[in-house]
Amino acid sequence: MNSNIFIVIAWSAIFYGTPLFFAALGGVFTERSGVLNLGVEGMMLIGGVTGAWASLHVGGSAWFTLSAAICIAMAAGAVVAALHAFLCVTLKANQTVAGLSITIFAGAVGLSSYFANIWKVAEDPVTRQIRRLDVFGLADTPIVGPLLFNHTILTYLSWVMCAVASWYLFRTKIGLQLRAVGESPQTADAMGINVVKYRYIHTMLGGALAGLGGAFYSLAIVPTWVDGMTKGAGWIAIALVIFGFWRPGLTLLGAYLFGALQSLGTVLKSRSFDIPGDVLDALPFVMTIVVLVLVSTRFAHKRIGAPAALGVPYEREER
Amino acid sequence: MKSPIRLERRLKQPRWLNWAIPFISLLGALIVGAVVLLATGKNPLDVYWRILDRGFLSKRSITGTLRTATPLAFTGMCAAAAFRLGVINIGGEGQLYVGAVGAALVGLWLGGSVPVGITIIVMVVAGMLFGAMYASIVGVLRSQFNTNEIITSLMMNYIAGIILNYLIFNSRSYWRDPRSVGFPSGKPLDERAHWPSYELFGFGVSFGFLIAVVAAIVLWIIYKRSRLGFEIGIIADSPRAARYVGIRTKWTIVAVTAMSGALAGIGGASQVGDFAHYLDAKGLQLNNFGYTGIVVAALARLNPLGAILVAVLLGGLTNAGYSLQGPDFPSGLVGTLQGLILFTAVAGEILTKYRLRANRAASKAVTA
Chain A
1 MNSNIFIVIA
11 WSAIFYGTPL
21 FFAALGGVFT
31 ERSGVLNLGV
41 EGMMLIGGVT
51 GAWASLHVGG
61 SAWFTLSAAI
71 CIAMAAGAVV
81 AALHAFLCVT
91 LKANQTVAGL
101 SITIFAGAVG
111 LSSYFANIWK
121 VAEDPVTRQI
131 RRLDVFGLAD
141 TPIVGPLLFN
151 HTILTYLSWV
161 MCAVASWYLF
171 RTKIGLQLRA
181 VGESPQTADA
191 MGINVVKYRY
201 IHTMLGGALA
211 GLGGAFYSLA
221 IVPTWVDGMT
231 KGAGWIAIAL
241 VIFGFWRPGL
251 TLLGAYLFGA
261 LQSLGTVLKS
271 RSFDIPGDVL
281 DALPFVMTIV
291 VLVLVSTRFA
301 HKRIGAPAAL
311 GVPYEREER
Chain B
320 MKSPIRLERR
330 LKQPRWLNWA
340 IPFISLLGAL
350 IVGAVVLLAT
360 GKNPLDVYWR
370 ILDRGFLSKR
380 SITGTLRTAT
390 PLAFTGMCAA
400 AAFRLGVINI
410 GGEGQLYVGA
420 VGAALVGLWL
430 GGSVPVGITI
440 IVMVVAGMLF
450 GAMYASIVGV
460 LRSQFNTNEI
470 ITSLMMNYIA
480 GIILNYLIFN
490 SRSYWRDPRS
500 VGFPSGKPLD
510 ERAHWPSYEL
520 FGFGVSFGFL
530 IAVVAAIVLW
540 IIYKRSRLGF
550 EIGIIADSPR
560 AARYVGIRTK
570 WTIVAVTAMS
580 GALAGIGGAS
590 QVGDFAHYLD
600 AKGLQLNNFG
610 YTGIVVAALA
620 RLNPLGAILV
630 AVLLGGLTNA
640 GYSLQGPDFP
650 SGLVGTLQGL
660 ILFTAVAGEI
670 LTKYRLRANR
680 AASKAVTA
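Just so you know, the sequences run in chain order A and B.
If you number the first sequence the way the working numbering does, the last residue is 319 and the count never jumps.
If you number the second sequence the way the working numbering does, the last residue is 687 and the count never jumps.
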């Protein structure tokens with residue numbers, strides 16, 4: 001493998017950015033339907049622990065086990081998201097606190113840790129891991145090899161998803177209707193769109209993608225289960241939705257920027273650069289605040305892309 | 320498709336709901352928790368009985384419960400104070416750490432060289448100031464740039480954790496004990512900087528808990544009697560109306576966020592002065608006091624006096640979790656139950672706005 005430091009950082013940006021992108025793309029769908037999901041961190045952790053469990057306990061070939069693990073992680077994320085949708089859509093609860101309750105319930109010291117404990121997931125590294133591929137045997141090509149042809153299958157899947165998501169949101173009728181639900185549920189309802197159904201489906205889709213992102217941590221990055229292993233990635237993903245102006249393509253770029261920041265510590269430490277590790281550890285969090293401030297000042301009055309009904313429960317009686 | 324239950328808007332909120340909703344929420348959380356326990360092969364009655372026993376049924380366990388309740392009361396009031404204004408400060412966790420850093424700083428500096436009373440007062444004030452300053456970063460960003468305070472305050476929690484690690488583990492700071500070589504730890508405070516504890520009805524009560532009670536009363540008076548409390552109510556209901564009548568909305572946001580951080584900061588100071596007697600970087604981060612504080616605030620329905628009661632309740636749950644931790648009491652169980660309590664508390668708020676009606680009964684009522 002090419003060991004030029006810039007190539008390593010660029011490769012790591014994509015590797016560490018992939019789970020961020022999955023979770024953030026889920027956030028784009030959820031928020032486009034008008035539901036704010038602050039439970040992403042909890043959903044990622046549930047996806048991570050169920051994925052790790054499946055990789056230890058589902059038999060069969062590596063491909064079968066890993067596919068099953070990914071499906072189970074996505075399903076688990078979707079189930080937790082259904083709880084969130086129940087609170088926000090059916091019970092019309094405060095979406096902010098509802099999302100927080102999901103993260104505390106499912107999060108680092110909650111259900112994900114409980115499951116890990118009773119299933120004894122944390123004791124061994126996962127037996128089946130998602131490994132890097134050597135696509136077309138081109139991984140050793142200088143520069144483009146590692147960047148384009150030496151990733152896990154999920155990274156390639158994320159590129160496909162990014163394209164499909166853009167097409168779905170902006171070029172299909174369902175996507176148009178979804179955006180209508182997020183902008184003005186009253187109008188959408190009058191058009192005969194089932195607001196409740198759209199919100200449930202896209203919240204659950206968001207949860208499934210968060211679960212997938214979590215499984216990427218436990219099956220590819222670490223790859224074993226550690227309590228609270230996402231370390232705030234879910235929250236960075238929520239911020240990424242804002243940086244990406246609720247668009248899949250920009251969200252992908254943002255995810256890679258933060259993937260680079262997250263990997264910087266590991267990469268530079270392994271090359272014995274003389275930078276305090278704590279400064280590097282804090283970098284993603286500090287940068288999240290900085291970018292968030294920039295985005296909110298520059299574009300606040302234009303609100304590019306923010307769904308108008310984001311965070312507002314829809315009540316038919318209150319037209 | 321017709322659901323069996325229908326939501327009907329309430330025209331006014333009966334007062335008894337203020338008391339009933341937390342109880343209903345708690346009961347709901349216990350029921351859902353029982354389902355989780357049953358599904359994972361545990362006996363819920365047995366688990367609940369052991370929690371009750373270890374949390375509340377002996378003098379020793381109540382003393383431990385009050386000890387755990389102390390930080391929770393502060394972080395609970397921290398969350399409640401900000402939430403009341405509509406500022407979702409979930410940075411209580413980090414503000415508590417930073418308060419502990421401030422209190423440990425002056426405690427190490429003054430301890431033994433000035434009278435005990437002065438040391439303690441200065442430690443409390445330092446905790447408040449450090450927590451308030453740390454929180455006001457969030458407040459200023461929110462009021463000046465309209466930056467989402469939920470994400471910034473959460474990021475600040477992670478940053479505060481990294482600051483703690485830096486001070487104790489990765490540097491030779493003033494806070495670190497120079498004698499600790501193998502495993503770094505905080506420099507111990509002089510004994511004359513330890514906060515007193517009292518015996519009330521046979522239970523040990525920390526000085527910090529008493530400050531929490533006083534703070535809750537002060538906060539309650541601010542809400543009920545002061546101009547600031549009145550303005551907070553208006554801003555929370557309608558920021559636009561508040562601006563039109565000339566309330567300094569931006570100033571209030573910064574002030575309330577700082578006040579909220581100051582409360583969490585005293586919680587951190589109490590961790591240093593009451594219990595650890597040094598800056599315990601690891602212990603502070605283990606307990607998730609800040610996040611549990613959000614549960615406290617929600618279940619107390621943002622009432623500061625209620626927060627004290629709920630802190631004792633959740634303190635008991637957490638305390639029981641500590642002493643029961645073991646092979647047949649999985650570690651995430653307490654966190655799961657706390658999450659469920661927040662979950663049902665959020666869901667329970669629906670009862671303030673709507674009443675639940677069985678669908679068939681309602682249609683009968685219409686025809687009658």
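The beta carbon of each residue, even a glycine, is placed where N, CA and C say it ideally should be.
For Ile-469 of chain B, at least one C-beta of chain A is nearer than 9 Å to its own C-beta.
Leu-415 of chain B and Thr-389 of chain B do not touch by the CB rule: their CB atoms are close to 11 Å apart, not below 8 Å.
Assignment of beta-bridge partners to Gly-523 of chain B by DSSP yields B:Glu-518.
Residue contact with chain B for Asp-274 of chain A: absent (no Cβ-Cβ distance below 9 Å to any residue of chain B). Runs of the beta strand (DSSP E) lying entirely within the segment 409–445 of chain B and spanning at least 3 residues: none are present. Between the alpha carbons of Ala-392 of chain B and Asp-556 of chain B lies a distance of about 26 Å.
Counting along the chain, Ile-324 of chain B sits inside no alpha helix (DSSP H); it lies in the beta strand (DSSP E) bounded by residues 324–328. Assigned with DSSP and collapsed to three states, Tyr-673 of chain B falls in strand. Annotation: the segment 231–307 of chain A contains the following complete segments of the alpha helix (DSSP H) (minimum length 4 residues), in chain order: 233–243, 248–270, 277–298.
Within the DSSP bridge table, the entry for Arg-495 of chain B names B:Gly-505 as partners. Excluding residues up to 5 positions away in sequence, Arg-491, Lys-506 lie with their Cβ nearer than 8 Å to the Cβ of Pro-497 of chain B in the same chain. For Phe-648 of chain B, the three-state secondary structure derived from DSSP is strand.
The C-beta distance from Ala-73 of chain A to Gly-214 of chain A rounds to 6 Å, short enough to fall under 8 Å. Listed along chain B are Val-665, Glu-668, each with a C-beta nearer than 8 Å to that of Asn-94 of chain A.
Within chain A, Val-109, Ser-113, Tyr-114, Ala-116, Asn-117, Asp-227 have C-beta atoms less than 9 Å from the C-beta of Ser-650 of chain B, given in sequence order. From the listed residues A:Phe-245, A:Val-312, A:Ala-239, A:Pro-307, the smallest Cα separation to Val-286 of chain A is found for A:Ala-239.
For Ser-112 of chain A, the enclosing alpha helix (DSSP H) starts and ends at 111–119. Annotation: Cβ neighbours of Tyr-485 of chain B in chain A (cutoff 8 Å, chain order): Pro-276, Asp-278.
When rounded, the separation of the alpha-carbon atoms in Thr-568 of chain B and Arg-461 of chain B is 11 Å. Listed as beta-bridge partners of Arg-132 of chain A by DSSP are A:Thr-152.
In the DSSP assignment, Cys-397 of chain B falls within the unbroken alpha helix (DSSP H) covering 378–404.
Within chain A, no C-beta atom comes nearer than 7 Å to that of Thr-568 of chain B; the closest sits roughly 16 Å away. DSSP, reduced to helix, strand and coil, places Lys-361 of chain B outside both helices and strands of the structure shown, so it counts as coil. One thing to note: Ala-616 of chain B has its Cβ no nearer than 9 Å to the Cβ of Ala-454 of chain B. At least one CB atom of chain B sits nearer than 9 Å to the CB of Ala-106 of chain A.
Between Ala-24 of chain A and Gly-254 of chain A, the CB-CB gap stays under 9 Å. Classified as exposed, Met-191 of chain A has fewer than 16 neighbouring CB atoms from the shown chains inside 10 Å of its CB. Separation of Thr-187 of chain A and Ala-180 of chain A (C-alpha to C-alpha, rounded to the nearest whole angstrom) is 7 Å.
When C-beta distances to chain A are compared with 7 Å, the residues of the segment 489–500 of chain B below that value are Asn-489, in chain order. Using a Cβ-Cβ cut-off of 9 Å, Ala-617 of chain B counts as an interface residue toward chain A, since at least one Cβ of chain A sits closer than that to its own. Taking C-beta atoms as the reference points, Asp-278 of chain A and Asn-484 of chain B count as a pair closer than 9 Å. Contact holds between the segment 661–670 of chain B and the segment 88–96 of chain A, because three or more Cβ pairs, one in each stretch, are under 8 Å apart. Excluding residues up to 5 positions away in sequence, Thr-568 lie with their Cβ nearer than 7 Å to the Cβ of Arg-562 of chain B in the same chain.
With respect to chain B, the C-beta atom of Lys-231 of chain A has a partner C-beta closer than 9 Å.
Bounds of the alpha helix (DSSP H) holding Ser-589 of chain B are 568–589. Ranking B:Val-366, B:Leu-385, B:Asp-509 by CA distance to the CA of Leu-628 of chain B puts B:Leu-385 first.
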